[in-house]
Structure formats: C-alpha cells, structure tokens
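All remarks here apply to the structure that follows.
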Amino acid sequence: MKYLALILSIFLFVSCDEAKSPASHSEVPAEKQSTTIIEDTIPPQPDNAEAQTLLGDYLFTPTEFSELALTHYEKAKQQYKNQPENADSLIWHGRRTAYLGKFKAAIQIYTEGIAKHPADARFYRHRGHRYISTRQYEKAIEDFEKAVNLIEGQEDKVEPDGLPNAQNIPLTTLHSNIWYHLGLAYYLTNKLEKALEAFQNRAVTQKYDDNIVSGAHWQYMILRRLGRVKEAKESISEITKEMEIIENISYHQMCLFYKGLIAESDLTNDQLSSSASDVLTYGLLNWYMYDQQDNETAFKMMQDLYQNGNPYSFAYLASEADWARLGWVDEAE
Numbered sequence: 001m002k003y004l005a006l007i008l009s010i011f012l013f014v015s016c017d018e019a020k021s022p023a024s025h026s027e028v029p030a031e032k033q034s035t036t037i038i039e040d041t042i043p044p045q046p047d048n049a050e051a052q053t054l055l056g057d058y059l060f061t062p063t064e065f066s067e068l069a070l071t072h073y074e075k076a077k078q079q080y081k082n083q084p085e086n087a088d089s090l091i092w093h094g095r096r097t098a099y100l101g102k103f104k105a106a107i108q109i110y111t112e113g114i115a116k117h118p119a120d121a122r123f124y125r126h127r128g129h130r131y132i133s134t135r136q137y138e139k140a141i142e143d144f145e146k147a148v149n150l151i152e153g154q155e156d157k158v159e160p161d162g163l164p165n166a167q168n169i170p171l172t173t174l175h176s177n178i179w180y181h182l183g184l185a186y187y188l189t190n191k192l193e194k195a196l197e198a199f200q201n202r203a204v205t206q207k208y209d210d211n212i213v214s215g216a217h218w219q220y221m222i223l224r225r226l227g228r229v230k231e232a233k234e235s236i237s238e239i240t241k242e243m244e245i246i247e248n249i250s251y252h253q254m255c256l257f258y259k260g261l262i263a264e265s266d267l268t269n270d271q272l273s274s275s276a277s278d279v280l281t282y283g284l285l286n287w288y289m290y291d292q293q294d295n296e297t298a299f300k301m302m303q304d305l306y307q308n309g310n311p312y313s314f315a316y317l318a319s320e321a322d323w324a325r326l327g328w329v330d331e332a333e
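Quick note on numbering: our numbering labels position 86 of the sequence shown as 86, and the sequence is numbered without any gaps.
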C-alpha cells in the first residue's frame, strides 16, 4: 500500500484537542437485523443515501426489516398522527424511524420536536445521536451541549429501551446517554480531554456494572492515547470477572484484557452482535498501537473492521474517524 510507510511513522493517537474535525460533515438496535452495507460500486445517489463515510463510501437505507421492527414503526407512526403535538409521540416516532435506518427522516422528526418542545432535552439527545450516525459530528456536539444545559439541575430519569434486554432492565438514563454520546462525539473529533471529562461524568458510570465497563473502556483508551498510563490503569481498577453484565459483554472483555485477566485468545465474537464484535476489534487495534507499538497489525485490523463491521456501531465510527484523520482516504477508493 502506497501509504503504509505513513502509518508506520505516524502514531494516530497523538492528542490534539484543537485538531480539525473530520472533513465530512447501544448502536443499531438488535431488532434491525438487516445490515446496511458499504456500496462500493453504486454511483452516488444522494436521495437514497443516509450518510457518507469519512472515507467516501455511501451508506443506504436497508430494504428489508424484521416484522417486529415494522410493527413497532407503524404503531409509533400512528400514535404520532393521533397526537402530533405530544412529546412522547414525537420521540418514539423518531426512534422507530431511526431503527429502520432512516436517519435523515428521524433527524427531521426530532427537529420538529425541538420546534414544538424547545426545553425538552430528549430531542437534542436523540437528534445528536443520529447526527453521529450520519457523520455530522460538530452538529452532534452542539446538540449534546445544548442538552447538557437543559438537564442542569433537573432530576434524571430512566430512558426506556427500544428493544428490552433479556432481563428487561433499562440500563441507562437520559442524563447518562447525553454525557455518553457527547463523550463519543468529542472522541470522534479528537477532542480527547473533553471526551475524557464527559465519560468520567458520574451519570455515565454510576449505577449498573454495564455502565461501569462501557465508561471505563472509553476512559482507558483515551488516557492511553494521552500517554497517561497510570491513570489509564486506575480507570479500570474496579473491573472484575465477577461483575454482572447484562448487555456490554464486549466492553467487559476488553477491560479484563487491558488488566491482563484474560488473554487475547479469550476475546470471542461468538454469539455477539456485529456492534459488539466491532468493540473487540477496535479495542484490540488500539492496544496493538499504543501497547505493542505494532502499527502494521493495528492497521490490518482497521481495514478488516471497515470492510466487515457495522457502519453505524460506535467502534466502527471511531476507527473510520482515526483512518480519515491520517489522510488515508485514497486507500478506501
């Protein structure tokens, strides 16, 4: 590859909070079983494309959905028609629309919700999420920062899941989701200090073991990128094998791996969703970079993730942003 010498000589995780954002302005729910793929051979079709990756590929709306997803969508759509001014109706219409991969339409619904309910932080939280899905990271940051201002001094509330987990326990709250997604948006634009502050917010890590491991995973990677190894180790000090994990198995595995409690061969993709598998791949390629100084292996894993991962998973987005930041766009063409 003509740029291989570049990646071997440039450590992609150098901190630069003032670095330019990528050039292009919980994860896809399990009920959305059809996977949107990167179309390399189809000419640009802006009307049909939901997003363009930072490496130039177009992502299109899926054409097949599970019966359950369609049923939920139709119900939410009808509820909205019956109560178009109701905030909950708008929220769920937007969420169910996004679960079908129709992110641009969902953004429009949330924008309508903001016009009707400008003080409701939920609309900024959900629109910000879909700005992330469509690689509009600066817009996402604006929405999440607005949401942070709106929730200041407000009581936190559990945020219901679109598709309940096996134990039917919602694991996140409105405040935690705002801070978590804001941390991600900062991370994707290489604003590492701000990302660390967001992920360290107690709303992200305070309640369930699932929250602890997901927050710790991002904190560890950020601190290692910043060269703060001692703090990185402290960020995962509470992680143990005995933790009760309901959803975030891959985050838990990566934290255990960072601590040396399990080997790389113990990291498994078996029975994990594509988004969860992406977490393992991205966590490992980071580790090969900053721990093993093995940039070549790390980049091969990055390529594999870009070709085979879920293009809307947070790990995929992070890897894509890293690649684009290196100036490797030509390699994806």
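For glycine and all other residues, C-beta sits at the position ideal for the given N, C-alpha and C.
Keep in mind the model is a prediction, meaning the values are calculated, not measured.
Residue burial classification, residue i (beta-carbon count within 10 angstroms, cutoff 16)
{"i": "T189", "result": "buried"}
{"i": "S319", "result": "buried"}
{"i": "A119", "result": "exposed"}
{"i": "K300", "result": "exposed"}
{"i": "L192", "result": "buried"}
{"i": "L4", "result": "Low local confidence applies: a pLDDT of 38 at L4 is under 50, so the model's placement there is unreliable, and no value is given."}
{"i": "L196", "result": "buried"}
{"i": "E242", "result": "exposed"}
{"i": "E247", "result": "buried"}
{"i": "Q154", "result": "exposed"}
{"i": "K75", "result": "exposed"}
{"i": "V213", "result": "buried"}
{"i": "G227", "result": "exposed"}
{"i": "P311", "result": "buried"}
{"i": "N82", "result": "exposed"}
{"i": "L70", "result": "exposed"}
{"i": "N168", "result": "exposed"}
{"i": "V28", "result": "Since pLDDT at V28 reaches only 36, below the 50 mark, its modelled position is unreliable, and no value is offered."}
{"i": "T360", "result": "The displayed coordinates of the chain run from 1 to 333. Any statement about residue 360 would go beyond what the structure contains."}
{"i": "N149", "result": "exposed"}
{"i": "Q136", "result": "buried"}
Proximity to residue i [Cα-Cα], best of the options
{"i": "D209", "options": "C255, T61, Q154, L284", "result": "C255"}
{"i": "G260", "options": "Y306, S237, S274, I245", "result": "S237"}
{"i": "P398", "options": "S273, A276, I245", "result": "No statement about residue 398 is possible, as the shown extent of the chain runs from 1 to 333 and does not include it."}
{"i": "Q309", "options": "E145, N86, Q52, A276", "result": "The displayed chain sequence assigns Gly, not Gln, to residue 309. When only C-alpha atoms are compared, the closest one is A276."}
{"i": "D47", "options": "N82, D88, K102", "result": "K102"}
{"i": "M289", "options": "Q200, I222, H181", "result": "I222"}
{"i": "V229", "options": "Y258, N201, F65", "result": "Y258"}
{"i": "I262", "options": "P160, L284, Y80", "result": "L284"}
{"i": "P160", "options": "N86, N295, W92, L317", "result": "W92"}
Between the CA atoms of residue j and residue i - distance to the nearest angstrom
{"i": "E264", "j": "W287", "result": "11 Å"}
{"i": "D304", "j": "A298", "result": "10 Å"}
{"i": "T172", "j": "Y58", "result": "31 Å"}
{"i": "Q78", "j": "H72", "result": "10 Å"}
{"i": "I151", "j": "K157", "result": "10 Å"}
{"i": "Y187", "j": "T134", "result": "16 Å"}
{"i": "T281", "j": "M302", "result": "8 Å"}
{"i": "E50", "j": "Y99", "result": "13 Å"}
{"i": "A315", "j": "K233", "result": "21 Å"}
{"i": "R225", "j": "E67", "result": "43 Å"}
{"i": "D278", "j": "P84", "result": "37 Å"}
{"i": "H129", "j": "K104", "result": "12 Å"}
{"i": "L267", "j": "E112", "result": "43 Å"}
{"i": "N165", "j": "I249", "result": "13 Å"}
{"i": "A321", "j": "A121", "result": "27 Å"}
{"i": "D340", "j": "G162", "result": "The question about residue 340 has no answer, for the chain in this structure spans 1 to 333."}
{"i": "D291", "j": "S176", "result": "30 Å"}
{"i": "Q52", "j": "T63", "result": "18 Å"}
{"i": "T61", "j": "S313", "result": "15 Å"}
{"i": "E231", "j": "N86", "result": "46 Å"}
{"i": "D294", "j": "L317", "result": "22 Å"}
{"i": "L174", "j": "Q200", "result": "16 Å"}
{"i": "S274", "j": "E138", "result": "26 Å"}
{"i": "F65", "j": "Y251", "result": "27 Å"}
{"i": "K194", "j": "N211", "result": "19 Å"}
{"i": "H117", "j": "Y306", "result": "38 Å"}
Cβ separation of residue i and residue j, assumed to be a contact under 8 Å, to the nearest whole Å
{"i": "A203", "j": "G183", "result": "Wrong, their Cβ atoms sit about 11 Å apart, outside the cutoff."}
{"i": "Y131", "j": "F123", "result": "Not quite, the Cβ-Cβ distance comes to about 12 Å (not below 8 Å), so this is no contact."}
{"i": "A324", "j": "L55", "result": "6 Å"}
{"i": "I141", "j": "R127", "result": "Contact doesn't hold; Cβ gap of about 12 Å is too wide."}
{"i": "I178", "j": "A216", "result": "Incorrect: roughly 19 Å between the Cβ atoms, too far for contact."}
{"i": "Q219", "j": "S235", "result": "4 Å"}
{"i": "H356", "j": "R125", "result": "As shown, the chain starts at 1 and ends at 333. That puts residue 356 outside it, with no answer to give."}
{"i": "A185", "j": "F144", "result": "6 Å"}
Opposing strand residues paired with residue i [DSSP bridges]
{"i": "F65", "result": "Paired residue(s): none; F65 is not in a bridge."}
{"i": "Q52", "result": "Y58"}
{"i": "T173", "result": "V158"}
Neighbour flag for residue i against chain D, beta carbons, 8 Å
{"i": "F257", "result": "Chain labels in this structure do not include chain D; a single protein chain is all it has."}
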